[in-house]
Amino acid sequence: MNDTSNSVRLVKHYPDRSFMASTSIDVASLHAALDAARSSKELSWRQLAALLELSPSTLSRLANGYTPDTTAFTSMVTWLNIPAERFITAEGLDEREQPDLVASLAPLLRARKDLKPEDVDHLEELISSAVRRFHSERPTREA
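According to my numbering, the sequence shown holds residues 6 to 148 in order.
Take a look at the structure:
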């Protein structure tokens, strides 16, 4: 039985999606993350493409600023072990207050098995110091 009533109900539940922010993938950040991970593992782009089960041209298109398809994007962020939302941008994001940098990085640093607790503490202190310096040197915004 071909029941189309489900799609009608969905339209009734979600009649107007115009309020939703326009989102996109931050291709430059995704490429930079792949490049850094690839370099640290001493892989060529061709080797990385094989590991990801993607064509080398997919990574080449990414390098040229083209957005990957959903399957490629999923493969990339899974291999990077970075949540996909880290590479999602939305309209109005710049207008929102950004989360505290150290608070955002702390769980990632603490989850690393290659860092001792004192190493994490030291990195947090360095990052905090750098953030304070950047904020003190940055001119204040005038409304």
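For each residue, glycine too, the CB sits at the ideal point set by N, CA and C.
Legend entry - Under the three-state DSSP convention, the category I132 falls into: Here the question's residue 132 lines up with position 127 in the sequence shown. Correct three-state label for I132: helix.
Legend entry - Residues near W50 in its chain [Cβ-Cβ closer than 6 Å; skip 5 each side]: On the sequence shown, residue 50 is found 45 positions in, with the first residue counted as 1. Excluding residues within five positions, the ones whose Cβ falls inside 6 Å are L64.
Inset, instruction - Consult DSSP for S29 and reduce its assignment to one of helix, strand or coil. - result: Here residue 29 corresponds to residue number 24 of the sequence shown, with the count starting at 1. Strand, per DSSP.
Legend entry - Integer-rounded CB distance, given that S60 should sit under 8 Å from A54: Your numbering for residue 54 matches position 49 in the sequence shown. Your numbering for residue 60 matches position 55 in the sequence shown. Confirmed, about 6 Å.
Inset, instruction - Classify A77 as buried or exposed, calling it buried when 16 or more other Cβ atoms lie within 10 Å of its own Cβ. - result: On the sequence shown, position 72 is the one that residue 77 refers to. Label assigned to A77: buried.
Inset, instruction - Just confirm the distance between the C-beta atoms of F92 and S34, as a whole number of angstroms; I'd bet it's less than 8 Å. - result: By 1-based counting over the sequence shown, the position of residue 92 is 87. By 1-based counting over the sequence shown, the position of residue 34 is 29. About 6 Å; that satisfies the 8 Å criterion.
Legend entry - Limits of the unbroken alpha helix (DSSP H) element including A54: For the purposes of this step, residue 54 is identified with residue 49 of the sequence shown, where counting begins at 1. Its alpha helix (DSSP H) spans residues W50 to L57.
Inset, instruction - Let me know if V136 comes out buried or exposed under the rule of 16 or more other beta-carbons within 10 Å of its beta-carbon. - result: For the purposes of this step, residue 136 is taken as residue 131 along the sequence shown, with counting starting at 1. Answer is exposed; the Cβ neighbour count stays below 16.
Inset, instruction - For T94, name the three-state secondary structure that DSSP assigns. - result: On the sequence shown, residue 94 is found 89 positions in, with the first residue counted as 1. Looking at T94 - three-state DSSP - the assignment turns out to be strand.
Inset, instruction - Please determine, among S134, E123, L106 and V82, the residue with the shortest C-alpha to C-alpha distance to R43. - result: Residue mapping note: residue 43 aligns to position 38 of the sequence shown, counting from 1. Nearest option by C-alpha distance: V82.
Legend entry - Where L120 falls: helix, strand or coil (DSSP): Along the sequence shown, one-based indexing puts residue 120 at 115. In this structure, L120 counts as coil in the three-state DSSP scheme.
Inset, instruction - Taking all protein chains shown into account, decide if L67 is buried (16 or more other Cβ within 10 angstroms of its Cβ) or exposed. - result: Here residue 67 is taken as the residue at index 62 of the sequence shown, counted from 1. Burial call: buried.
Inset, instruction - Quick one: residues in its chain with C-beta nearer than 7 Å to the C-beta of H36, no 5 flanking neighbours on either side, listed in chain order? - result: Translated into positions along the sequence shown, residue 36 becomes position 31. If the five residues before and after H36 are omitted, its C-beta is found closer than 7 Å to the C-beta atoms of L67 and A68, all from its own chain and listed in chain order.
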